[in-house]
C-alpha cells in the first residue's frame, strides 16, 4: 500500500493545476478500503511498487504509475490486464490532463461525455472515456 500511495502522490502532490482534494490520511484510508475490497492490481520494479490500477467491475477508479517507471509500458500492462477480464471499461479523467487522455485514447478508449466535474473530488471538468472489446474478439 505505501508504494501505491507514493505513485498517487507523485502525481497528485506535484501537479500544479490539480487542487489537493484530500489530506494524506484520507488518501491512506481510501487506499486501504480499495485494497481490502480487492480492487487494486499493482506492478513492481526493482525499487518496489511502480504503479497500480483500482477497478470495480467496468469502472476504473484510478491508474497511476510512479514517475521513475513511466514510459516502460507498465500503465499499458495494467490496462491490458483489466481488459482481459472485461467487455467494457470506463473511467473519468480530468479534462486538463491531456497526456492521460492521449494515453487512454491510444489504448482504445473513446471520449463519450464531458462534465463540469461535479462528481469528482477536485471539482474540475472531466471526461468519461469508454473502451469496448472489439466485436468478435474473445476475452
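Residue numbers (my numbering): 26 to 164.
Each residue gets a CB set at the ideal place from its N, CA and C atoms; glycine is no exception.
| Item | Value |
| --- | --- |
| Could you tell me the distance, in whole angstroms, from the CA atom of residue 147 to the CA atom of residue 54? | 18 Å |
| Using C-beta distances below 7 Å, list every residue in its chain close to residue 125, excluding the 5 sequence neighbours before and after it, in chain order. | 118 |
| What are the boundary residues of the alpha helix (DSSP H) that residue 53 is part of? | 49 to 61 |
| Am I right that residue 121 and residue 143 are in contact with their C-beta atoms under 8 Å? What's the rounded C-beta distance? | Actually they are not in contact, since the Cβ atoms of residue 121 and residue 143 sit about 16 Å apart, beyond 8 Å. |
| Anyone know if the C-beta pair for residue 66 and residue 78 falls short of 9 Å? | yes |
| Pull up the DSSP beta-bridge partners for residue 156, would you. | 114 |
| Under the DSSP definition of a beta bridge, which residues are partnered with residue 40? | Partner(s): none; residue 40 has no beta bridge. |
| Does DSSP put residue 107 in a helix, in a strand, or in coil? | helix |
| Just how far apart, CA to CA, sit residue 69 and residue 36? | 17 Å |
| Under 9 Å between the Cβ atoms of residue 97 and residue 75? | yes |
| Within the continuous beta strand (DSSP E) that includes residue 84, where are the two ends? | 84 to 90 |
| How would you label residue 50, buried or exposed, when you count the other beta carbons within 10 angstroms and need 16 or more for buried? | exposed |
| Could you give the DSSP three-state label for residue 66: helix, strand or coil? | strand |
| Just verifying my parser: in three-state terms, what is the DSSP assignment at residue 126? | helix |
| Using C-beta distances below 6 Å, list every residue in its chain close to residue 86, excluding the 5 sequence neighbours before and after it, in chain order. | 79 |
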